[in-house]
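J.: Using my numbering, you'd call the opening residue of the sequence shown number 1 and step up by one each time.
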Amino acid sequence: MKPTLQRLILIGIGTLIIAAACASSPRYTSKPKSPRKKSPPSRRITPPATRTPSIKVRPGAVFVGVSSFYGPDFHGKLTANGEVYDMYGLTAAHRTLPLNTIIRVTNLANRKSLIVRINDRGPYIRGRMLDLSYGAALKLGFISQGTTRVRVVVIEVGDDVYMKHLPGKQ
Numbered sequence: 001m002k003p004t005l006q007r008l009i010l011i012g013i014g015t016l017i018i019a020a021a022c023a024s025s026p027r028y029t030s031k032p033k034s035p036r037k038k039s040p041p042s043r044r045i046t047p048p049a050t051r052t053p054s055i056k057v058r059p060g061a062v063f064v065g066v067s068s069f070y071g072p073d074f075h076g077k078l079t080a081n082g083e084v085y086d087m088y089g090l091t092a093a094h095r096t097l098p099l100n101t102i103i104r105v106t107n108l109a110n111r112k113s114l115i116v117r118i119n120d121r122g123p124y125i126r127g128r129m130l131d132l133s134y135g136a137a138l139k140l141g142f143i144s145q146g147t148t149r150v151r152v153v154v155i156e157v158g159d160d161v162y163m164k165h166l167p168g169k170q
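Below, the structure written as structure tokens:
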């Protein structure tokens with residue numbers, strides 16, 4: 001090999017080494033974010049999340065007030081007694097009646113009535129006495145109005161057991 005060619009090769013290698021030495025390396029590195037674990041399905045335990053004192057009632061007790069209904073936003077979430085809310089079921093929420101109480105609800109506007117079970121707490125809107133499931137409101141005929149005046153008659157007083165369907169709860 002001619003000395004000129006050797007010299008060019010050495011100069012080329014030297015240039016590459018110097019260029020590599022001048023290259024910057026990242027000062028701060030971070031690991032890529034790990035994918036977030038999916039959180040369990042949200043639980044709907046209506047506020048307040050602590051136990052709401054229930055009133056003492058007897059079968060035959062009558063209450064009159066305004067009822068509303070709740071549907072898709074809460075479908076599949078847990079109720080106060082631990083059941084999964086089924087918007088098509090015949091259930092209701094009341095602030096103070098013992099959980100699992102069976103009541104007859106009559107729509108005073110059209111006289112339609114049906115029997116539902118209290119499995120949740122609510123409503124928490126002033127002036128409302130009862131929150132019915134969508135299915136119950138549909139049968140009582142007040143979906144389009146949103147609220148209606150109802151008469152509630154207690155048929156059977158419930159056991160007032162909270163979260164009874166969760167593991168470890170009796």
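Where a beta carbon is used, it is the ideal one built from N, C-alpha and C, also for glycine.
Please return the same chain residues whose Cβ sits closer than 6 Å to the Cβ of G190, not counting the five positions on each side in sequence.
T.: Absent from the model: residue 190. The displayed extent of the chain is 1 to 170, so no value can be given.
J.: Given this structure, state the Cα-to-Cα distance separating K56 from D160, to the nearest angstrom.
T.: 11 Å
J.: Tell me whether I118 sits in a helix, a strand or coil according to DSSP, three-state version.
T.: DSSP places I118 in strand when its eight states are reduced to three.
J.: Could you tell me how far apart the beta carbons of A80 and Y162 are, in whole angstroms, since I believe they sit closer than 8 Å?
T.: 6 Å
J.: Tell me whether S144 is buried or exposed, calling it buried when 16 or more other Cβ atoms sit within 10 Å of its Cβ.
T.: exposed
J.: Report the start-end ranges of each alpha helix (DSSP H) in the region 56-115 that is 4 residues or longer and not cut off at the edges.
T.: Complete alpha helix (DSSP H) runs here, min 4: none at all.
J.: In angstroms with no decimal places, state the Cα-to-Cα distance between G60 and V152.
T.: Rounded to the nearest angstrom, the gap between the Cα atoms of G60 and V152 is 9 Å.
J.: DSSP has T148 in a bridge; who is on the other side?
T.: Among the bridge pairs identified by DSSP, T148 is matched with S67.
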